[in-house]
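Numbering (my numbering) for the sequence shown: 14 to 1249.
Even for Gly, the Cβ is constructed at its ideal location relative to N, Cα and C.
Okay, so here's the structure we're looking at.
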Amino acid sequence: MILIPCRKNIYSNIFRCTLNFLTAIHLILIPLITYDSVSAPESSSILYWRKKAEVFLVEYVVALIICIGRKLFTKRIRLTLIMPSNLFDCNFVCLWVRDNNNNHHHLYHDHDTNDNIIQSINKDPSCSTLNKKFLNFYKKSLAFLDGEMTGFKYYGCHIQIDESSGIRYFIAGSTRFVFSFETGTFLPQIQSNRVSVSQIENALNCGGHSEASVISYLSVFGKNELPYETEPALLIMKRIFFCPTFILQYLMLSTTFFLRFFTWSFCWSALILYTNLFSFFKDIFRNRKVLKETREINNRPVKVIRGNIKKSIKASDIVLFDIVLSETGDIAPCDMILMEKLVLVDESSLTGEATPVFKKPLDLSTLSNSQILSISDNILKDSLIHAGCKIIKVFGGDESNDSLISIVLNTGSFTFKSKILRTASQNIISDDFHNDIPLLWLLTLSVASVVITVQCLISQFNIGSIFFILGTLLQLLPIWAPAFVQSCINSSVSILKNDKNVESSYPRRILFASKLDTFFFDKTGTLTMNDYVLDNVERLNSDLLENQGFFTGNESYSERIVRGINGEKIDILKMAISTCHSLSFVPDQGDGGHYGDSIEKEMLKFTRSCIYEKSSLNDRPLRRFVFEKGAEFDYENIFSRHNTESLEKKLSEGCEILKIFDFNGVSRSMSVIVRCNVTERVFLFTKGASESILKFSIKNQSTEEIEFRTSELSSSGSYVILIAYRELKSDKESIELYRLLNENERINFEVDLTPVGILCFSNCIRKEAPFIIKEIKDLGIKPIILTGDNSDCALCVAKQVGIINNQLKVSKIEAKPSLCEIDLDGNQSAVLCCVNSGKLVFLNEFRHEIDLEEVIKNLNKIRLVVTFESYEMMSKFALHNYEGIFNSLKDDSKQAILSNETLLDLLKDNISVISRANHINKQSVVRQFMNEGKIVAMVGDGTNDVAAVKDSNLGIFINKNGSLSSHFCLNKGDLNGILSIIREGCGCAANSRSLYLFMIMYGFTIVICKNILLYSEQATLPTMGYFYYSIFVNFPSVWGIKKSRPADKIKKYPVDAGLVSRSSILTIICFISVIGINLSVVLFLLSNKSWFVSSYTRNLGIPIFISARQDGFESSTTLIWMCSLHSHMALIFGMGGYHREPFYKNKVLVSTWFLAQLGLLFLIFSEPSLITCFFKINCQESITPGTLFGMNIPKFSGNNVFPFSWKLELVGWIAASFLICTFIYRKLNFNSISRV
């Protein structure tokens, strides 16, 4: 970090005010001069036009220089004029903070660095070498002009003074820097994740903060507010309306107004204002929505104890070590330490795990006064409730009072939730889809320079020539296409919102949907519905269990009716299913009042059992009971205070859960110790992955059969759980010992197990998910599950939706999961990769370990399911250090493998599932793919997905709650919206390219035609010909192209949207050649006609700005040629191709083309009249002058009425050129290889 104290003195203020004044005065003077010129009487206007034109051009140049200078040098000049000062007296600081993508510290949240953008561009295979080099140079030049340092982020911050405490501070990003007189510098105020026991005791003993201490904490750390950043309206306006493109458009429109092209100017002004105002108000409304939601969160009432008095304050006023009072149903306003009672907390919004978490109070009596606690310590972790988590249930104490006491550990931007939100840097990539626009500007400027130079050499340089040059720039530079493209994007986004209920916060991101390489899916809540169905239960070891005195019943359950205890015989399988879980009972919760994992809910539901929980007298251990529901069972009556006897009877007939060993990610199992209250016997039940259970089971002949059966069921797409038991001692001393066991002692109990059953679950995937995955794969986009869940669940879902197996068959989009059939004879197999004892381990679906060499040999036949830990380890596995394991391979295969630097580079294309990834892991994976040049989409549904969603090229939230955290959100939660976004994105990208190319041809067509006409005949195009060309041909044609709708079925993916690509450049060159060469031929044929009268000699004696140069045969022929071909090009660029509907389905495009051609045919074949003379086509001297619709038609010199035979010949040449251009366009653009 580099900090330079400064003082903004009078000189910097004078410079800023002067610069703003000069910019404003010159931008205002230009329209005033224009208005004075166009509003003056015609006689006066002609007399003083030259002087007014000179003044206009001077103001034009000065305004252009000021605006360019502001863009390029403002930051440099500001840094130069700021006077150095000392830290005690400064009122402004210049701060450079190291920008490190791998550092997730709270300050380093903005990753919009030029190095990252350049790195991504350099690895993008769609970028040409020339474009890569130019973009590198362009980005580095901008960084130099802005005064940026490589690897650092610059902040210019004003020093502020807290009124209540007098503390001087400034805010950089989301970090508050406070001045310390002790150190003589500004220190970042970082709330620690560590706390001493003495601090907690002091907060409790003092009865909360005093008013003075609250003010002190607020002045240092600020308010307890979430880090939602909004852009002020003034900055939004400056960004949109003072960007170089808009300023150039403004100056060019002023020029056309000055030259009295009113209709043309008004049309362009309306379009540009509409598109920019749409973007402006879109950002304003989004900011208002952010502020409204933030205000609701910050103003939420919270009860605290301050000065031994209970108070209700706003959530934003909470400070460190506040004593917070919470109740059931409350959402934690900050990170806080639980001090009393046992609490069930829902952390799914942060972690993605559906299972609720028990938080126990921090027992200060067992800790020393000087002990330091950290959130990494289990002692504090088990008592910490994070901001944004919901308190589901409170246990212990007075049942009529479920309030609890907590001590605040972190507030505001220092909470765990804020850190997740802050890691979601919005601008990791540029919003501009066309990264070759800078190169396009360079090429068009180069062409314009050549054309202008030739014009100046051939014609005399005068005031008219300058406007001729400005006209050339106006026509050649691509300054108008962005307005049409933005209008097209706005239309697509509006259609998505109105028809598909898909809302967008960042409309321009829709273009990235047209060239995706990888599509990441969160699993829980995105591909699945958070529900499982227990399809099948198979009994195991029935003979063995019957010999041991257990009731076994039939071999399998064909119905959902399960028998209970039959006399003294226990149905051990039913007991295991009903008790082996970590569910909790919450009366107001759905699903029968049970809260927790959906698999465990289904198990409890299957056995028709119920849970009851109560705390012991010391409020520490929670006693849990499971009993069978009867026919007369009623929740409200059974748990009421007046029905204690009935409740106790139910509990005596059920089981008590003595100890729960939570799910272990390594062993992939969980266990419970259960006491049967009827028989007073104690059992250990363990459920989990079959290989883990069998590993600790008693070996017998059925072990291999069980292993084969579970693998067979698993490979069919079912989520398979094996459940086993072991009987334990049941004396009172042992029972009390079981209650006090810790997690480390589970290995002593999970031994000598006997499998009792196989449970087969089908994950309730969204009905449209298989169809969506199939469509995405058909496009050539690679789907990957990126989840925080375990590998087994993720693999099960991957098979059901078709990510792993290509042979997934889906009958239709409405297909239910049961209709999704997986071909078991497919040639793809899943290989699991995990880390065991610090080493990479590869396992097949039977959980047998396989060698890395075997994996590499069969890369084309496998799909990898990896944990994030193994994914990260593969990135550090350098292949050249392990050449020996590849010696058995052929030399060419070995060389191809060693061309990859790491094992991850070699295996990445085979990865289909990445499991056990938290929010930072997900963001890291997305960034890594993007840094390799891939275009990445991410779809998620929770806070743990926000960072990855916002960092991706295309981020989609599955629910409307993500409208502020994603680029698009599916308000109805329907995954079909993804295909709608891709279709609209493809159509929009195709339209975007067509609009750019059409507008480029708009300029090139005018420049080519008018220069051929000028050089060959010294003639100019009719003034009103420009009017017809722009108003009746160009504007309607662009509107028609914009109305092109995406095709129902995408035939080619990705979309070739490059503006400086091979096909685009060849298309432009070929079109220019056809237009220029054929026009030259037409003019040559015209000059050899017997009736032709050349105007070359006459035009040499007429100034270039005099309209008499427009009255010859050559001018009218060129105008007809130019308008006809440009109108035809609208049909060419509006062709449906692979991504849009056929042009003939576009009624707007066909109608505008038809009307433009009808008008031209009328001008060509009709009898001479004032209308034809208005456009100086098919006109005679005898008809003029005259008045048409109140407009004066000037005197026409000569005659340019064509014979009928020449009219037909001209139309024939136009038609032939149109067919040639059509053939060229289809050949260059519709015959490329596709991924589809």
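If you measure between the beta carbons of I1063 and L792, is that distance less than 8 Å?
yes
Give the DSSP bridge partners of Q1257, in chain order.
Examination of residue 1257 is not possible in this model, given that the chain is present from 14 through 1249 alone.
Between I612 and T620, what straight-line distance do the alpha-carbon atoms span, to the nearest angstrom?
13 Å
Judging by CA-CA distance, which residue of V938, L1173, K1056 is the nearest neighbour of R1153?
K1056
Along the chain, where does the beta strand (DSSP E) that runs through S1108 open and close?
Premise fails: S1108 is in no beta strand (DSSP E) and is neither H nor E.
Please name the residue in V952, N966, N957 whose C-alpha comes closest to that of N944.
N966
Specify the secondary structure class of L380 as computed by DSSP and reduced to three states.
coil
Output the distance between the C-alpha atoms of L386 and D395, rounded to the nearest integer angstrom.
12 Å
Spell out a yes or no on whether the region 444-462 and the region 222-234 are touching, meaning 3 or more CB-CB pairs, one atom from each, closer than 8 Å.
no
Does the region 45-53 come within contact of the region 201-219, defined as at least 3 CB pairs closer than 8 Å?
no
Anyone know if the C-beta pair for E626 and L617 falls short of 8 Å?
no
Runs of 3 residues minimum, wholly inside the region 711-737: which ones carry the beta strand (DSSP E) assignment?
none
Alpha helix (DSSP H) containing C1001: first to last residue?
Per DSSP, the continuous alpha helix (DSSP H) segment holding C1001 begins and ends at 989-1030.
In three-state terms, what does DSSP make of G801?
coil
Between C347, I465, L470, N391, which lies nearest to I420 when the distance is taken from Cα to Cα?
In terms of Cα proximity to I420, the closest of C347, I465, L470, N391 is C347.
So F1187 and L1201 are supposed to be a Cβ contact under 8 Å. How far apart are they, rounded?
6 Å
Alpha carbon to alpha carbon, how far is R521 from G221? Give it in angstroms, no decimals.
Rounded to whole angstroms, G221 to R521 spans 50 Å at the Cα level.
Check whether the Cβ atoms of L853 and F881 sit closer than 8 Å, and answer yes or no.
no
Given E568, which residues of its chain have a CB within under 8 Å of its CB, disregarding the five upstream and five downstream residues?
Caution is warranted here: a pLDDT of 43 is assigned to E568, below 50, making its placement in the model unreliable, and no coordinate value can be reported.
Express the C-alpha separation of F34 and R181 in angstroms, rounding to a whole number.
32 Å
What does the Cβ neighbour count give for G851, buried or exposed, with the cut at 16 atoms within 10 Å?
Exposed is the call here.
Quick one: what does DSSP say A216 is sitting in, helix, strand or coil?
It is helical.
From which residue to which residue does the alpha helix (DSSP H) around H171 run?
No alpha helix (DSSP H) holds H171; the beta strand (DSSP E) holding it covers 165-171.
Can you tell me whether L239 is buried or exposed? The criterion is at least 16 other CB atoms within 10 Å of its CB, across all chains shown.
buried
Work out the CA separation of N776 and E834 for me, nearest whole Å.
Residue placement at E834 is poorly supported in this model, since its pLDDT is 35, which falls under 50; the coordinates still yield a value, given next. Spanning the two alpha carbons is a distance of roughly 14 Å.
Helix, strand or coil: how does DSSP classify F564 here?
coil
Just to confirm the assignment, what range does the beta strand (DSSP E) spanning N776 have?
767-778
Closest by CA to T196, which one among L524, V848, F101?
F101
As a quick exercise: from S389, D535, V463, T268, pick the residue whose alpha carbon is nearest that of Q936.
D535
Would you kindly work out how many angstroms separate the C-alpha atoms of L486 and T956, rounded to a whole number?
49 Å
Does the distance from the C-beta atom of I1054 to that of L988 stay below 8 Å?
no
Can you give the Cα-Cα distance for C846 and T800, rounded to whole angstroms?
15 Å
When the Cα atoms are used, what is the spatial distance from S517 to S682?
42 Å
Could you tell me the alpha carbon to alpha carbon distance between M490 and I249, rounded to whole angstroms?
The residue asked about is misnamed: residue 490 is Leu in this sequence, not Met. Distance between the alpha carbons of L490 and I249: 26 Å.
Could you tell me which of A76, I81, P374, T1235 sits nearest to T1080, measuring between CA atoms?
T1235
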